[in-house]
Amino acid sequence: MNHYKIALIGNPNVGKTSLFNKLTNLRQKVGNYPGVTVEKREGKIERNGNKFQITDFPGTYTIYPSSLDEEIVFKTLGDKTNSHYPNLAVVIGEPSNLKRSILLYQQVRDLDVPAIFVINMKDEIKSKGLNIDLKKLEDFLQTKIYLTNARTSEGIDELVEAFTKDATPYNRHYEIPKEYLSIVEKIKNEFNLKSDYLAWQYLSQKEVPFESKENLSKLDTIKKENSIVSKRLQVKEALDRNKILEEKLNDIISYNFDGNETLTDKIDKTLIHPVFGYIIFLGILLLIFQAVYAWSAPLMTMVEDLFGWIDEKAISLIPEGPINEIIGGAIIPGIEGIAVFVPQIAILFLFISIMEETGYMSRVVYLMDRWLKPFGLSGKSVVPLISGVACAVPAIMSARNIENDKERLLTILVTPFMTCSARLPIYIVLIALVIPDEHIFGLSYQALALFVMYILGVLGALGSAILLDLIIKAKHKSYLILEMPTYKLPDWKNVGINVWEKTLGFLVDAGKIIFAISIILWVLGTFGPGEQFRNAEEIVTAHHPKMNEEDLANEIASYKLEHSYLGRLGSVIEPVVEPLGYDWKMGIGLISSFAAREVFVGTMSTVYSLGEVDVEDNGQKDRLLHRMKNEINQNTGEPAYNLATGVSLLLFYAFAMQCMSTIAIVKRETNSWKWTLIQTGFMTGLAYVVAFIAYHFLK
Amino acid sequence: MIENYSLKDLKIGEQAVVTGFSTEDIPAKFYEMGFIPGTSLLVKNKAPFGGPICISIISNKSVLALRRNEADKILITKK
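Respectively, the protein sequence lines represent chains A and B.
Residue numbers for the first sequence follow numbering that gives the first Met the number 0, so the first one is 0 and each next one is one higher.
Residue numbers for the second sequence follow numbering that gives the first Met the number 0, so the first one is 0 and each next one is one higher.
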């Protein structure tokens, strides 16, 4: 049995991912390339007694990367020793932009990578008005050309058969410009390269990621001595190649249009209309919000019921003792706290994925660029900012396709301000506590308050973007150029896989942290130093001789917590949170929610000794609210949750960076502790100041 | 009749041919995406309040968008 590594390479919007899904038949996994965070999609199949390892590379227009993800293409194809270096590269194009795909194909072949050419979406050859002389094109490209339609599986079997054939011999296409011949020769000798074109790449690429540090500094010196500017070489190559292609393709490919407007033109008349375009976009946003909050409710109840059932079973099946308590009381509820967001996140990704699949997302980028640019962001920041309403973690990852370093960094830094779904349960509880349940003009104050919290998130993001824009220096000039693909019906398989992967990724990544934090919190809350903790039962019973059993048990739990390690911790930070109007119990809530905001409600219910509280369950919620309402702040003698402390807490939660997963992902994506710490410090500092001002203003 | 307009000056519906660039400081991506001297294009849409410009490449009807800053650096002759 032979083993083949196949690389799928192609421009964005050519249906590469659909083809990958068809080829691998969903037997695929997502990982990372060694040493970098670029997402690697890989599938393994067996056909005709052979094994194929198929990798879907990030979409790119050329082998010169302009965004982070694209760097992996040259890194892999330029280095024969790379573990992903393919036996065969499959370069994919589609009818409307063949020239650009051919250019990429020729670059790949000039690097001496064996490759074949595929024209996907063959059904569109006619509708796009493409006339193509296949025979001549095959001669020109020096390979057989495969026509496929990934949506209907046409041509897929033939393509798989081609995987085992040797690629046809190829004569290098790109002629190194004369004035560079001598230095290319020098590079070849210096770095022991066989191919002229690879040597040219050493000069024209901004970075050669697979060379040793030593060699890179040598390369730098040679480039400086000969005043080589990489970008100029890239431009030269693009112009040269295009010129030749223009000539050669003249009698191979032609387009004729019947003069009628295309469907895409017609749709665009409305969707990017200066007025209606924005109205429709706003309408879609509202629809998404409606879906995320209203449609997800029954699903969330199902998740809760499921976990309630599991928890019950676990408690009854595992023998009583610390293991039972830790699993039933900490781990399962902890995981439930995160699993409950899965419906919301899945719905949000469903919409985002459909917007991307249909081609609408580029229109949103087009419409919004003007409005985000003054904040130092780009139209492309729209995707992370919208996704941030579900969860900052996948949102920050989606910032990768922003080419400009500064705009990308800014987007990553401000996205956590967006009101993520983890803030929602806290907002619900706090708003119910401090905002009167009254109406004005038929609008409930509480609903308005919730709306204001969302607006605050957006203002926080944009406001800090302005501030950071002044501080951060741009390495490169910002620009925007984007392709507006023709509108298509979504490929539902792609949508499904995308939603599944993103949601699962969120569940696993965040789940790990919540898992750890739940255990730590449980240990800190269950054990304590000193006599008071150990003799809690006797002390409380002595104080309340007439109390019934249930209340007594709750009272004991509460007393224990106060004197546990967690309670001590609360007392230690009390001086810090006192200026904001909080007592030690809220302090515990704050500490525990530094791990993840969603822990707050759980901690509060432990602090107020109510056992498990389910905010969706009105009876349980009312009990928690009742306890919180009657709680007296021991420092001020006033109700612990009044308008001033409530608003102060709300504002704190709106701005503070209280999510370990986000901190971890920011570190991973920026590859900088500096920016990660600045962001955490800035957000939490801002939260503190704003909460302080609000408390003293309303007190 | 050498009138050097920039792409920014075109109105919606006007056609033009790219003649060159007013500066060398153009990202390589512009060339790669098809802004090559000799390319015919048509302005399809302009986002309001100085937003990006949406153009259609005549030869294959592919549609691209770019900011006005950059459009200003692309020189054209009107058709």
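Positions of the beta carbon are idealized from the N, C-alpha and C atoms, including for glycine.
Which residues does DSSP pair with residue i in a beta bridge?
i: A/P638; result: A/I631
i: A/V451; result: DSSP, once it has assigned bridges, lists no residue as partnering A/V451.
i: A/A88; result: A/A6, A/A114
i: A/E210; result: The partner list for A/E210 (beta bridge, DSSP) is empty, contrary to what the question assumes.
i: B/V16; result: B/S39, B/T76
i: A/R46; result: A/N49
i: A/N148; result: A/E153
i: A/E482; result: B/L63
i: B/N44; result: B/C53
i: B/S5; result: B/L74
Taking residue i as the reference, give the member of the options with the closest Cα.
i: A/D219; options: A/I44, A/F190, A/V457; result: A/F190
i: A/F19; options: A/L697, A/N497, A/I425; result: A/N497
i: B/N63; options: A/I115, A/F681, A/F350, A/M483; result: Rather than Asn, the amino acid found at residue 63 of chain B in this sequence is Leu. Nearest option by C-alpha distance: A/M483.
i: A/E245; options: A/I131, A/A166, A/K98, A/L642; result: A/K98
i: A/K4; options: A/L376, A/T16, A/E45, A/L25; result: A/E45
i: A/T263; options: A/G358, A/N553, A/N225, A/T683; result: A/G358
i: A/P383; options: A/P373, A/L408, A/R369; result: A/L408
i: A/I8; options: A/N47, A/N1, A/R108; result: A/R108
i: A/E160; options: A/K50, A/R150, A/D267, A/Y179; result: A/K50
i: A/I118; options: A/Q105, A/Q106, A/P544, A/N96; result: A/N96
i: A/V457; options: A/I401, A/V381, A/I439; result: A/V381
i: A/C419; options: A/D436, A/I395, A/G441; result: A/I395
i: A/I470; options: A/F416, A/W674, A/V388; result: A/W674
i: A/L67; options: A/K405, A/S216, A/E236, A/Y84; result: A/K405
For residue i, which of helix, strand or coil comes out of DSSP?
i: B/V62; result: strand
i: A/H438; result: strand
i: A/M603; result: helix
i: A/G527; result: coil
i: A/H2; result: strand
i: A/A313; result: helix
i: A/K223; result: helix
i: A/D55; result: strand
i: A/E335; result: helix
i: A/S65; result: coil
i: A/K127; result: coil
i: A/M120; result: coil
i: A/S253; result: strand
i: A/R567; result: helix
i: A/M396; result: helix
i: A/K476; result: coil
i: A/N12; result: coil
i: A/Y581; result: coil
In whole angstroms, give me the CA-to-CA distance for residue i and residue j.
i: A/V363; j: B/F48; result: 16 Å
i: B/N68; j: B/A27; result: 16 Å
i: A/Y365; j: B/P51; result: 6 Å
i: A/V428; j: A/A535; result: 30 Å
i: A/K74; j: A/L110; result: 12 Å
i: A/K666; j: A/Q678; result: 10 Å
i: A/E548; j: A/L624; result: 22 Å
i: B/S21; j: A/L197; result: 31 Å
i: A/F350; j: A/N632; result: 44 Å
i: A/V72; j: A/I62; result: 7 Å
i: A/A421; j: A/H475; result: 35 Å
i: A/M682; j: A/A655; result: 5 Å
i: B/M0; j: A/A460; result: Interpretation of B/M0 is limited by its pLDDT of 46, a score under 50 that renders its predicted location unreliable; the figure taken from the coordinates is listed afterwards. Taking the straight line joining both Cα atoms gives about 50 Å.
i: A/A446; j: A/T602; result: 25 Å
i: A/M354; j: A/L305; result: 31 Å
i: A/S377; j: A/L479; result: 8 Å
i: A/K235; j: A/N1; result: 41 Å
i: A/G387; j: A/A431; result: 24 Å
Going along the chain, which residues of its own chain have a beta-carbon closer than 7 Å to the beta-carbon of residue i, five neighbours each way excluded?
i: A/K177; result: none
i: A/I271; result: R362, Y365, L366
i: A/V392; result: F505, D508, A509, S660, T661, I664
Got a sec? Which residues, its chain only, sit under 6 Å from residue i by beta carbon, not counting five neighbours each side?
i: B/V42; result: L9, I11, E13, I54
i: A/G327; result: D310, A313, I314
i: A/P578; result: F691
i: B/K7; result: R67, A70, D71
i: A/I227; result: L202
Going by beta carbon distance, what residues of the same chain come within less than 8 Å of residue i, once the five residues before and after it are set aside?
i: A/D257; result: G128
i: B/K77; result: E2, Y4, L9, E13, Q14, A15
i: A/K121; result: P94, L146, T147, N148, E153, G154
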